[in-house]
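Worksheet: the structure to be examined is printed underneath.
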Amino acid sequence: MTQAKTGDTVRIHYTGTLSDGSTFDSSEGREPLEFTIGSGQIIPGLDAALPGMTAGDKKTVEVPADQAYGEPDPNARQAVPRADIPADIPLDIGTQLQVQTPQGQVMPVTVAEVTEVEVILDANHPLAGQDLTFAIELVSVG
Numbered sequence: 017m018t019q020a021k022t023g024d025t026v027r028i029h030y031t032g033t034l035s036d037g038s039t040f041d042s043s044e045g046r047e048p049l050e051f052t053i054g055s056g057q058i059i060p061g062l063d064a065a066l067p068g069m070t071a072g073d074k075k076t077v078e079v080p081a082d083q084a085y086g087e088p089d090p091n092a093r094q095a096v097p098r099a100d101i102p103a104d105i106p107l108d109i110g111t112q113l114q115v116q117t118p119q120g121q122v123m124p125v126t127v128a129e130v131t132e133v134e135v136i137l138d139a140n141h142p143l144a145g146q147d148l149t150f151a152i153e154l155v156s157v158g
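In our numbering, the protein residues as written are 17 to 158.
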């Protein structure tokens with residue numbers, strides 16, 4: 017059987033869980049995730065677990081935060097005057113919004129805090145700072 021190596025296109029089924037056991041993402045009921053090993057398309061800790069596996073292999077991978085979505089960056093939080101946000105935009109804490117940067121890029125943010133005068137938007141990935149566990153099955157190589 018062909019062993020997966022850097023540069024190979026692979027397809028995997030996966031279930032990602034947090035340290036409390038709750039599932040944050042899964043390919044269950046969907047097509048397998050397809051990507052090229054070593055291309056930066058998935059988080060580094062998961063990418064590094066695939067070389068050497070063959071089709072049909074299953075394993076559980078513990079991925080520390082620094083090999084997943086990194087630690088939260090305090091500079092990724094920004095205060096916006098509440099008056100600058102249209103009244104029809106929901107501002108419940110935890111709400112995910114999309115903002116446009118001055119360069120025109122669309123960036124996902126999460127409402128972190130709301131006061132009478134400002135809203136704190138957090139551009140950190142929602143899983144930043146979290147250690148993740150993935151149960152993976154290598155479906156195919158090549």
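Note that CB positions come from ideal geometry on N, CA and C, so glycine has one too. In this text, all values refer to a predicted model and were calculated from it rather than measured experimentally.
In the three-state reduction of the DSSP assignment, A81 falls in the helix class. Per DSSP, the continuous alpha helix (DSSP H) segment holding G61 begins and ends at 60–63. For the set A71, F51, G72, the Cα lying nearest the Cα of L62 is the one of F51.
Looking only at M17, T22, Y30, the smallest Cα-Cα distance to A151 is reached by Y30.
Here the segment 125–139 makes no contact with the segment 74–81; the two share fewer than three CB pairs at distances below 8 Å. Contact between the segment 92–106 and the segment 131–146 is present, with at least three C-beta pairs closer than 8 Å.
In this structure, the alpha-carbon of P88 lies about 24 Å from that of I101. Only exposed fits I109, as fewer than 16 other CB atoms lie within 10 angstroms of its CB.
A144 and P60 have their alpha carbons spaced roughly 14 Å apart. Spatial neighbours of H141 in its own chain (CB-CB distance under 7 Å, excluding positions within 5 residues in sequence) are listed in chain order as Y85.
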